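A.B. asks:
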Amino acid sequence: MLFDFWMKNQVIVLVLFVAGCAGSGRLSYDSPNEAYTKGLEHYEAGRYSRAAQYFNGVSEFGRAHEWAPDAQLYLARSHRQNRDYILAASEYTRFTELFRADPRVPDAEFERAMTFFERSPQIELDQTSTRRGIEVFNLYIQRYSSHDSVDVAIQRVGELRQKLADKQFHAARLYERRGLYQAAALSYELVFDKYPDTPLADDALLGAMRSYIEFSAQSITQRQPERLQKAIDNYQRLVDLFPESELIDVASELNEQAEQDLNALIDNDAAL
Numbered sequence: 083m084l085f086d087f088w089m090k091n092q093v094i095v096l097v098l099f100v101a102g103c104a105g106s107g108r109l110s111y112d113s114p115n116e117a118y119t120k121g122l123e124h125y126e127a128g129r130y131s132r133a134a135q136y137f138n139g140v141s142e143f144g145r146a147h148e149w150a151p152d153a154q155l156y157l158a159r160s161h162r163q164n165r166d167y168i169l170a171a172s173e174y175t176r177f178t179e180l181f182r183a184d185p186r187v188p189d190a191e192f193e194r195a196m197t198f199f200e201r202s203p204q205i206e207l208d209q210t211s212t213r214r215g216i217e218v219f220n221l222y223i224q225r226y227s228s229h230d231s232v233d234v235a236i237q238r239v240g241e242l243r244q245k246l247a248d249k250q251f252h253a254a255r256l257y258e259r260r261g262l263y264q265a266a267a268l269s270y271e272l273v274f275d276k277y278p279d280t281p282l283a284d285d286a287l288l289g290a291m292r293s294y295i296e297f298s299a300q301s302i303t304q305r306q307p308e309r310l311q312k313a314i315d316n317y318q319r320l321v322d323l324f325p326e327s328e329l330i331d332v333a334s335e336l337n338e339q340a341e342q343d344l345n346a347l348i349d350n351d352a353a354l
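Numbering (this note's numbering), first residue to last: 83 to 354.
Here it is as structure tokens:
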């Protein structure tokens, strides 16, 4: 008897709990002002998913009322805070397209660019978001050169470019370790050619020197001189562009080796 009574109470509690959850899951607002106000309360409390639902509800009343721009911008920000970066980028774009005269458009453009920065993955993964981030930041810098966040945008572009340089340099090192010296040399040169302003530029030239010397050693005699010459050319670029580099001493030793090997080949040709 007591057990039956206890079970009935448990069922009642469960039903009330489920009903309460269902009730709390419904959105309730009668005007765009009310939907926006509730959304802002949730946003400031850190409940970004719930906030996004209310901000999205503001659009049900159209786009011409006074709360529409704020709701659209905070909808984008809610998704960004929730790390839904793809949705956030889309909503930022919608804000800039719908409310082009709004003075916060530059802020929205910058925040949109930041969603690509925040989506940029580790170097082992595909870097589409990294490249897109560079494009969007550069567009923002061109359009709003005097905006408050330009300095931050320039810094973020540098960080994203460094990531791309790291990825290319990592690929070059893998080729070198596997004895694929031609691919390594070309990949190292690509690091320097595309990212000469990054800290890896002098390392890349040194890597190209090493790889061309090894590639020459693998080559038939007729092709060795041109590959040794490329090692020497990269040394010249290194000393011309980075005279204070800590790698100069190592590079000088490699250059001396390349020149000796090249001179020996020239002497052998002359003796024939």
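From the three backbone atoms N, C-alpha and C, an ideal C-beta is built for every residue, glycine too. None of these values were measured; they are calculated from a predicted model.
1. Return the chain-ordered ranges of every alpha helix (DSSP H) run that is complete within the stretch 257-332 and spans a minimum of 4 residues.
2. Compare the beta carbon distance of ILE295 and ALA340 with 8 angstroms and say whether it is the shorter of the two.
3. Near ARG302, what residues of its chain come up, given a Cβ to Cβ distance below 6 angstroms and the 5 sequence neighbours on each side ignored?
4. When the Cβ atoms of the stretch 140-148 are set against those of the stretch 158-166, are three or more pairs found closer than 8 angstroms?
5. Which first and last residues belong to the alpha helix (DSSP H) in which TYR136 is found?
6. Tell me which residue opens and which closes the alpha helix (DSSP H) that ARG194 is part of.
7. Would DSSP call ILE348 helix, strand or coil?
8. Confirm, please, whether the CB-CB distance from PHE251 to ARG238 is below 8 angstroms.
9. Pick helix, strand or coil for ALA150, following the three-state DSSP scheme.
10. From ARG259 to ILE348, what distance separates their C-alpha atoms?
11. On a Cα-Cα basis, can you pick out the residue from PRO281, ILE330 and SER231 that is closest to ALA247?
12. Measure the Cβ-Cβ separation of GLN300 and TYR263 and say whether it is below 8 angstroms.
13. Nearest to TYR270 by alpha carbon, out of TYR111, LEU320 and ARG213?
14. In terms of residues, what are the limits of the alpha helix (DSSP H) holding ASN220?
15. Once you ignore the five residues that flank ILE205 on each side, which residues in its own chain have a CB closer than 7 angstroms to its CB?
16. Let me know the secondary structure DSSP gives GLY240 once reduced to three states.
17. Let me know if ASP275 comes out buried or exposed under the rule of 16 or more other beta-carbons within 10 Å of its beta-carbon.
18. Spatial neighbours of TYR136 within its chain, please: C-beta separation below 6 angstroms, excluding the five flanking residues on both sides.
19. Find out if the Cβ-Cβ distance for the pair SER298, GLN304 is shorter than 8 angstroms.
20. Can VAL140 and ALA127 be called in contact, C-beta distance under 8 angstroms?
21. With distances taken from CA atoms, which of LEU288, LEU169, PRO325 and SER113 is nearest ILE369?
22. Could you give the residue range of the alpha helix (DSSP H) that holds LEU122?
23. Quick check: what's the CA-CA separation for ALA286 versus ASN316?
24. Give every residue of the same chain whose Cβ lies closer than 8 angstroms to the Cβ of ALA235, excluding the five residues on either side of it in the sequence, and list them in chain order.
25. Roughly how many angstroms lie between the CA atoms of LEU373 and ARG213, to the nearest whole one?
26. Which two residues bound the contiguous alpha helix (DSSP H) that contains LEU109?
27. Thinking C-beta only, is SER202 closer than 8 angstroms to LEU169?
28. Do VAL130 and ASN164 have their C-beta atoms closer together than 8 angstroms?
C.D. replies: According to the structure shown:
1. 263-276, 283-300 and 306-323
2. Annotated as proximal: ILE295 and ALA340, with beta-carbon spacing under 8 angstroms.
3. The displayed chain sequence assigns Ile, not Arg, to residue 302. So the list is empty, once near-sequence residues are dropped.
4. no
5. Per DSSP, the continuous alpha helix (DSSP H) segment holding TYR136 begins and ends at 130-140.
6. 187-201 is the span of the alpha helix (DSSP H), which, as asked, contains ARG194.
7. Three-state result, ILE348: helix.
8. no
9. Reduced to three states, the DSSP call for ALA150 is helix.
10. In a straight line, the C-alpha of ARG259 is about 30 angstroms away from that of ILE348.
11. PRO281
12. yes
13. LEU320
14. 210-225
15. LYS245, ASP248, LYS249 and HIS252
16. helix
17. By the 10 Å Cβ count, ASP275 comes out exposed.
18. Around TYR136: ALA117, LYS120 and GLY121.
19. Pairing SER298 with GLN304 gives a Cβ-Cβ distance that is not under 8 angstroms.
20. No; because the gap between Cβ atoms is not below 8 angstroms, this pair is not in contact.
21. Any property of residue 369 remains undetermined from this structure, which presents the chain solely from 83 to 354.
22. 114-126
23. In a straight line, the C-alpha of ALA286 is about 9 angstroms away from that of ASN316.
24. Its chain contains PHE192, ALA195, PHE219, TYR222 and ILE223 as the residues whose beta carbon lies nearer than 8 angstroms to that of ALA235, once the 5 sequence neighbours on both sides are disregarded; these appear in chain order.
25. Limits of the chain in this structure are 83 at one end and 354 at the other, which puts residue 373 out of reach.
26. First-last for LEU109: undefined, no H or E at that position.
27. no
28. Reading off the sequence, residue 130 comes out as Tyr, not Val. Yes.
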